[in-house]
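Numbering of the sequence shown is given in our numbering, commencing with residue 12 and proceeding in unit increments. Beta carbons: idealized from backbone N, C-alpha and C, even for Gly.
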Amino acid sequence: MLSERNIMYLYAKKQRKKITNEELGSAVGLSAGTISRFFNFRLKITEENEIKIKQYIENKPFERC
């Protein structure tokens with residue numbers, strides 16, 4: 012399980028890469044609401060889903076303006 016600090020780091024990286032909750036949810040098979048609750052520490056998800064979220068955020072390139 013990811014620590015609170017790691018979740019905050021992933022959230023910041025998600026914001027910098029302009030990844031929406033809808034995009035992330037579609038990519039990993041979760042709803043946008045579930046993604047939101049996860050990043051707001053209101054919901055715990057499986058380790059498997061945490062890994063999917065982390066891999067998606069880490070591997071998605073930054074968007075160019």
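Is the Cβ-Cβ distance between Met12 and Glu61 less than 9 Å? Stepping through the sequence shown from its first residue, residue 12 is reached at position 1. Stepping through the sequence shown from its first residue, residue 61 is reached at position 50. Taking 9 Å as the Cβ cut-off, Met12 and Glu61 qualify as a contacting pair.
Check for me: the alpha helix (DSSP H) holding Gly44 runs from which residue to which? Translated into the one-based positions of the sequence shown, residue 44 becomes position 33. Start and end: Ala43 to Phe50.
Looking only at C-alpha atoms, which of Arg53, Gly40 and Glu74 sits nearest to Ile64? Here residue 64 is taken as the residue at index 53 of the sequence shown, counted from 1. Ile64 has its Cα closest to that of Gly40, out of Arg53, Gly40 and Glu74.
Which residues in the same chain have their Cβ closer than 7 Å to the Cβ of Leu54, if we skip the five residues on either side of it in sequence? To locate residue 54, count along the sequence shown from 1; it is residue 43. Closer than 7 Å at Cβ, skipping near neighbours: Thr45 and Arg48.
Roughly how many angstroms lie between the CA atoms of Thr57 and Gln26, to the nearest whole one? What you label residue 57 is simply residue 46 of the sequence shown in a count that begins at 1. What you label residue 26 is simply residue 15 of the sequence shown in a count that begins at 1. When rounded, the distance between both Cα atoms is 22 Å.
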